[in-house]
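**Student:** This is the structure I have questions about; it appears just below.
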Amino acid sequence: MRVSGPIAALLASLALGGCAKLTLAWANLDPHGAPASPLALGESANPGPITTVETWESERAPELRAELEREVYGVMPDASSARVISHKTLNEAAFNGKGRLEEYRIEAHVTFNGVTVAAGETEEGSSEHGFLMDVVLPSSASGPVPVILVESFCPRWDTLPDPSIARKEGAWSCEEGGFMTSVMHYAFGRYIATPPVEAILDRGYAIATIFPSEIVPDSKKKGLEELKRLAAGHQDQKTRWGAIAAWGWAFSRMVDVLEDDARFDKNAMIVWGHSRYGKAALVAAAFDNRIDGVIAHQSGTGGASLNREKIGESLKEITSQYPHWFDENYAAYAGHEEEMTVDQHMLLALIAPRPVLLGNARRDVWSDPNGAFRAALGAGPVYELYGSRGLDQARLVPYRPQSDIAFWIRPGTHGVVQEDWPAFLEFLDAHFKHERAAMN
Ligand code: GCU
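Count along the sequence shown from 1, then add 155; that gives the number in the numbering used here.
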């Protein structure tokens, strides 16, 4: 069966090393110890504690971005562009008439050090360039709609399953049915491949999706080759960007296109990602302030969880298993995490004051919910600088979707299960609904 290869690989990759090893452990509901405040340190002209939004934005935040690029994700392009090559309606009454499905072909370029390269289809012999973005808008929409931008392990035709989305020749699907798909649902939840599209449309949100592997493949060999090709102008291999940065960059190219279309609400561009794409969603928002909100579910190591005092997946494990995800400097910290001057709460702080939901599961210790909670605490001073409370709780529970850093933890393990999406939608309504009501 054609699907068994990629799905088996996907299952192995999702389960890898950790999920299985650690499912008998539970996250502590009372972790303590916030890391050093992102406001306290600084190499800038003003090294003292930062006390105003202005000095945070003009001095400390740019330093932290540069540090995160150098030490963790690799350097982002000096310039980027995206343009729509074609745009068509696929189905005016998709998802039981609840949504209008459209497809954009996008051409995008990256420039590193004066060398500009086109991103997109990496397959040999493909005559089409660029990549596809599928979008479904709620049929009931009467004004600009908020958009959930989704990147996933599974192809676009799984995220938005409608027969009008053409599959690439020979392409696979996570939702082909059969044994492997059942195993995948059992292990990683009913919504691992396909979100509850109709429920999302009913609540008034559009969904836009790309398959990130159509830009940078999630594979050690092909992924690294493509990352090098795109960053041809970047000489220092230790700081060449990894796939997490490139997938984050891809969220921004989606925003380029969506913000040009008046049907979408420019103030409600919300990036969504699970696990490796949760890492990418956080990076996207930290580097692009046009992104208005983030749902990063179980983003773990290299995402929301702290590198220091790490529980769960270690730097050694992640960088040896996925050498294409980060830059080489990050890998070099394996075993020396305590020497890092930058940590993941700084990534969260760069998103302030925009709302972020950090999704977790109690037995997903591989993704280290305690490290994510402590990172959320650590980002607090920057949220407070903007007059927000950030994370507004002292324990991992209860869930407070209205907080600017909302912390969601449910029983169970790694995956996207039935109770996750209602929690995500509660968060979105708490932060984006009032705005919509005012506009309509
Ligand atoms: C592996 C990896 C994690 C990652 C996860 C996923 O388990 O070790 O870092 O978050 O895959 O993407 O599901």
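All residues carry an ideal CB built from backbone N, CA and C; glycine is no exception. Source: prediction; values computed, not measured.
#1: Output the distance between the C-alpha atoms of Thr-568 and Ser-430, rounded to the nearest integer angstrom.
#2: Can you name the start and end residues of the alpha helix (DSSP H) that Met-409 belongs to?
#3: Does the distance from the C-beta atom of Asp-373 to that of Gln-453 stay below 7 Å?
#4: Measure the C-alpha to C-alpha separation of Asp-416 and Lys-243 and round it to an integer number of angstroms.
#5: With which residues is Ala-288 paired in a DSSP beta bridge?
#6: Can you tell me where the beta strand (DSSP E) holding Glu-331 begins and where it ends?
#7: State yes or no: is the C-beta of Val-302 within less than 7 Å of the C-beta of Phe-419?
#8: Whole angstroms are fine: how far does the CA of Tyr-360 sit from the CA of Lys-588?
#9: Measure the CB-CB distance between Ile-399 and Tyr-228 and report whether it falls below 7 Å.
#10: With a threshold of 16 other CB atoms inside 10 Å of the CB of Pro-524, please say whether the residue is buried or exposed.
#11: Could you tell me whether the Cβ atoms of Gly-570 and Ile-205 are closer together than 7 Å?
#12: Taking DSSP as the reference, what is the three-state secondary structure of Ala-163?
#13: Here's a check: name, in chain order, each residue in its chain whose Cβ is nearer than 6 Å to the Cβ of Leu-165, leaving out the five neighbours to either side.
#14: Considering just the uninterrupted stretch of the alpha helix (DSSP H) at Phe-442, what are its terminal residues?
#15: Of the residues His-586, Met-335, Val-270, which one's Cα is nearest the Cα of Gly-448?
#16: Tell me the residue span of the alpha helix (DSSP H) that contains Gly-535.
#17: By Cβ distance, which residues of its chain are closer than 7 Å to Gly-397, with the 5 residues on each side in sequence left out?
#18: Measure the alpha-carbon distance for Gly-533 versus Asp-547 and round it to whole angstroms.
#19: For the beta strand (DSSP E) containing Asn-134, list its first residue and its last residue.
#20: By DSSP, does Asp-498 sit in helix, in strand, or in coil?
#21: Quick test of your reading: Gly-388 and Val-270, contact by CB under 8 Å. State the CB separation rounded to the nearest angstrom.
#22: Within 10 angstroms of the Cβ of Ala-200, are there 16 or more other Cβ atoms? Answer buried if so, exposed if not.
#23: Identify whether Arg-565 lies in helix, strand or coil by the three-state DSSP scheme.
#24: May I have the straight-line CA-CA distance separating His-264 from Ala-221, to the nearest angstrom?
#25: Just to confirm my understanding: we take Lys-434, look at its own chain, exclude 5 residues before and 5 after, and list those with CB closer than 7 Å. What are they?
#26: Please work out which residues of its chain come closer than 6 Å, Cβ to Cβ, to Gly-285, disregarding the five sequence neighbours upstream and downstream, and give them in chain order.
#27: Are Pro-556 and Glu-581 closer than 7 Å when you measure CB to CB?
#28: Does DSSP put Ser-297 in a helix, a strand or coil?
#29: Can the beta-carbon of Pro-508 be found less than 7 Å from the beta-carbon of Ser-475?
#30: What residue does the alpha helix (DSSP H) around Gly-570 start on, and which one ends it?
#31: Closer than 6 Å to a non-hydrogen atom of ligand 1 - does that hold for the CB of Gly-455?
#32: Which residue marks the beginning of the alpha helix (DSSP H) containing Thr-314, and which one marks its end?
#33: Give me whichever residues DSSP pairs with Glu-464 in a beta bridge.
#34: Within this structure, are the beta carbons of Arg-395 and Trp-181 separated by less than 7 Å?
#35: In three-state terms, what does DSSP make of Glu-283?
#36: On a CA-only basis, which of Arg-463, Phe-334, Leu-551, Trp-211 is nearest Tyr-538? Give me that one, please.
**Tutor:** Based on what the coordinates show:
#1: Within the sequence shown, numbered from 1, the residue matching residue 568 stands at position 413. Within the sequence shown, numbered from 1, the residue matching residue 430 stands at position 275. Roughly 12 Å separates the two Cα atoms.
#2: Here the question's residue 409 lines up with position 254 in the sequence shown. Where Met-409 is concerned, the enclosing alpha helix (DSSP H) stretches over 398-413.
#3: In the sequence shown, the residue the question calls residue 373 occupies position 218. In the sequence shown, the residue the question calls residue 453 occupies position 298. In this structure, Gln-453 does not lie closer than 7 Å to Asp-373 by Cβ.
#4: As a position in the sequence shown, residue 416 is number 261, starting the count at 1. As a position in the sequence shown, residue 243 is number 88, starting the count at 1. So the two alpha carbons sit approximately 14 Å from each other.
#5: Taking the first residue of the sequence shown as position 1, residue 288 is located at position 133. Checking the displayed sequence, the identity of residue 288 turns out to be Met instead of Ala. Bridge partners of Met-288: Tyr-259.
#6: The residue you call residue 331 lines up with position 176 of the sequence shown. Unbroken run through Glu-331: none, as it is neither H nor E.
#7: One-based indexing of the sequence shown puts residue 302 at position 147. One-based indexing of the sequence shown puts residue 419 at position 264. A contact, by the Cβ cut-off of 7 Å.
#8: The residue labelled residue 588 in the question sits at position 433 within the sequence shown. The residue labelled residue 360 in the question sits at position 205 within the sequence shown. For Lys-588 and Tyr-360, the distance between alpha carbons rounds to 10 Å.
#9: Numbered from 1 along the sequence shown, position 244 holds the residue referred to as residue 399. Numbered from 1 along the sequence shown, position 73 holds the residue referred to as residue 228. Going by C-beta atoms, Ile-399 is nearer than 7 Å to Tyr-228.
#10: Counting from one through the sequence shown, the residue named residue 524 turns up at place 369. Flag for Pro-524 reads buried.
#11: For this step, residue 570 is matched to residue 415 along the sequence shown. For this step, residue 205 is matched to residue 50 along the sequence shown. Taking 7 Å as the Cβ cut-off, Gly-570 and Ile-205 do not qualify as a contacting pair.
#12: Position 8 of the sequence shown, counted from the start, is the residue given in the question as residue 163. The answer is helix: DSSP assigns Ala-163 an H, G or I state.
#13: Indexing the sequence shown from 1 puts residue 165 at position 10. Phe-308, listed in sequence order.
#14: Within the sequence shown, residue 442 is the residue found at index 287, counting from 1. Looking at the DSSP string, the run of the alpha helix (DSSP H) that includes Phe-442 is 431-442.
#15: Locating residue 448 in the sequence shown gives position 293, where the first residue counts as 1. Among His-586, Met-335, Val-270, the Cα nearest to that of Gly-448 belongs to His-586.
#16: Residue numbering aside, residue 535 sits at position 380 when the sequence shown is read from its first letter. Gly-535 -> alpha helix (DSSP H) spans 524-540.
#17: Within the sequence shown, numbered from 1, the residue matching residue 397 stands at position 242. Excluding positions up to five away in sequence, the list reads Tyr-228, Gly-229, Leu-382, His-479, Trp-480, Phe-481, Asp-482.
#18: Here residue 533 is taken as the residue at index 378 of the sequence shown, counted from 1. Here residue 547 is taken as the residue at index 392 of the sequence shown, counted from 1. Distance between the alpha carbons of Gly-533 and Asp-547 is about 12 Å.
#19: Since the first residue shown for the chain is 156 and the last is 595, residue 134 is missing from the structure and cannot be characterised.
#20: Here residue 498 is taken as the residue at index 343 of the sequence shown, counted from 1. Asp-498 falls in the coil class under three-state DSSP.
#21: Taking the first residue of the sequence shown as 1, we reach residue 388 at position 233. Taking the first residue of the sequence shown as 1, we reach residue 270 at position 115. About 3 Å separates the two Cβ atoms, so the contact holds.
#22: What you label residue 200 is simply residue 45 of the sequence shown in a count that begins at 1. Unreliable positioning characterises Ala-200 in this predicted model, as indicated by a pLDDT of 49, which lies under 50. A coordinate reading is not provided.
#23: Reading the sequence shown from its first residue, position 410 is the one you call residue 565. Here Arg-565 sits in strand by DSSP.
#24: Counting from 1 along the sequence shown, the entry for residue 264 is found at position 109. Counting from 1 along the sequence shown, the entry for residue 221 is found at position 66. Distance between the alpha carbons of His-264 and Ala-221 is about 21 Å.
#25: For the purposes of this step, residue 434 is taken as the residue at position 279 of the sequence shown. Answer for Lys-434: Ile-399, Ser-454, Gly-457, Gly-458, listed in chain order.
#26: Residue numbering aside, residue 285 sits at position 130 when the sequence shown is read from its first letter. These residues qualify, in order along the chain: Ile-240, Arg-260, Ile-261, Glu-262, Gly-275.
#27: Looking up residue 556 in the sequence shown gives position 401. Looking up residue 581 in the sequence shown gives position 426. Yes, they are a contact pair.
#28: Locating residue 297 in the sequence shown gives position 142, counting from the first residue. The answer is coil: DSSP assigns Ser-297 none of H, G, I, E or B.
#29: Locating residue 508 in the sequence shown gives position 353, counting from the first residue. Locating residue 475 in the sequence shown gives position 320, counting from the first residue. Going by C-beta atoms, Pro-508 is not nearer than 7 Å to Ser-475.
#30: Counted from its first residue, the sequence shown places residue 570 at position 415. No alpha helix (DSSP H) contains Gly-570, which DSSP labels as neither H nor E.
#31: Reading the sequence shown from its first residue, position 300 is the one you call residue 455. Yes, ligand 1 has a heavy atom inside 6 Å of this Cβ.
#32: Taking the first residue of the sequence shown as position 1, residue 314 is located at position 159. That run of the alpha helix (DSSP H) goes 311-314.
#33: Residue numbering aside, residue 464 sits at position 309 when the sequence shown is read from its first letter. Its beta-bridge partners do not exist; DSSP assigns none.
#34: Taking the first residue of the sequence shown as position 1, residue 395 is located at position 240. Taking the first residue of the sequence shown as position 1, residue 181 is located at position 26. Taking 7 Å as the Cβ cut-off, Arg-395 and Trp-181 do not qualify as a contacting pair.
#35: Your numbering for residue 283 matches position 128 in the sequence shown. If DSSP states are grouped into helix, strand and coil, Glu-283 belongs with coil.
#36: Walking along the sequence shown from the start, residue 538 turns up at place 383. With distances taken between Cα atoms, Tyr-538 lies closest to Trp-211.
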